[in-house]
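With our numbering applied, the sequence shown corresponds to residues 3 to 105, in that order.
Ideal Cβ positions, reconstructed from N, Cα and C, are used throughout, including at glycine.
Quick caveat: nothing in here was measured; it's all calculated off a predicted structure.
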Amino acid sequence: MPYVLKRLTLVAPRALEEDLVAALLEMHPALPGFTTAQVAGHGEGFEQARVAERVQGRIDRVLLWLVLPAETVDRVLSRLRAALPQSEVVWWVEPVETMGRLA
Numbered sequence: 003m004p005y006v007l008k009r010l011t012l013v014a015p016r017a018l019e020e021d022l023v024a025a026l027l028e029m030h031p032a033l034p035g036f037t038t039a040q041v042a043g044h045g046e047g048f049e050q051a052r053v054a055e056r057v058q059g060r061i062d063r064v065l066l067w068l069v070l071p072a073e074t075v076d077r078v079l080s081r082l083r084a085a086l087p088q089s090e091v092v093w094w095v096e097p098v099e100t101m102g103r104l105a
């Protein structure tokens with residue numbers, strides 16, 4: 003059976019970044035790693051935006067990417083839901099066709 007990977011993407015308010023990172027780092031068994039980036043959200047959902055965000059037309063967000071074995075995704079999502087039941091955290095899962103290192 004081939005090794006199937008998925009990319010879990012999480013988008014959250016920047017105020018939740020430290021809590022999300024801590025929850026991911028505390029998971030057992032440990033996760034293989036993840037990437038975070040500061041991004042700006044556009045579109046719907048400006049009800050909770052700060053005044054500066056409304057003026058700029060974008061909301062500050064943090065984006066987290068995790069490439070995981072497919073069977074691990076549900077475990078990670080379940081633990082995050084238990085640790086941080088936040089409706090502002092949006093997630094989705096995508097297939098990873100291939101992955102490797104250049105050297």
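Roughly how far, in whole angstroms, is the beta-carbon of residue i from the beta-carbon of residue j, given that I think they are within contact range, below 8 Å?
{"i": "residue 76", "j": "residue 16", "result": "Not really, about 26 Å apart at Cβ, beyond 8 Å."}
{"i": "residue 36", "j": "residue 68", "result": "4 Å"}
{"i": "residue 104", "j": "residue 22", "result": "With a Cβ gap of about 29 Å, residue 104 and residue 22 do not count as contacting."}
{"i": "residue 38", "j": "residue 78", "result": "Rounded, the Cβ-Cβ distance is 15 Å, inconsistent with contact."}
{"i": "residue 93", "j": "residue 33", "result": "Not really, about 15 Å apart at Cβ, beyond 8 Å."}
Mapping the DSSP letters down to three states, classify residue i as helix, strand or coil.
{"i": "residue 38", "result": "strand"}
{"i": "residue 9", "result": "strand"}
Is it buried or exposed for residue i, if we count other Cβ within 10 angstroms and need 16 for buried?
{"i": "residue 91", "result": "buried"}
{"i": "residue 14", "result": "buried"}
{"i": "residue 27", "result": "exposed"}
So, at 8 Å on beta carbons, what are the nonlocal neighbours of residue i in its own chain, with the 5 sequence-adjacent residues on each side left out?
{"i": "residue 18", "result": "64, 86, 88, 90 and 91"}
Using a Cβ-Cβ cutoff of less than 7 Å, which residues in the same chain neighbour residue i once the five nearest sequence positions on both sides are dropped?
{"i": "residue 101", "result": "7 and 69"}
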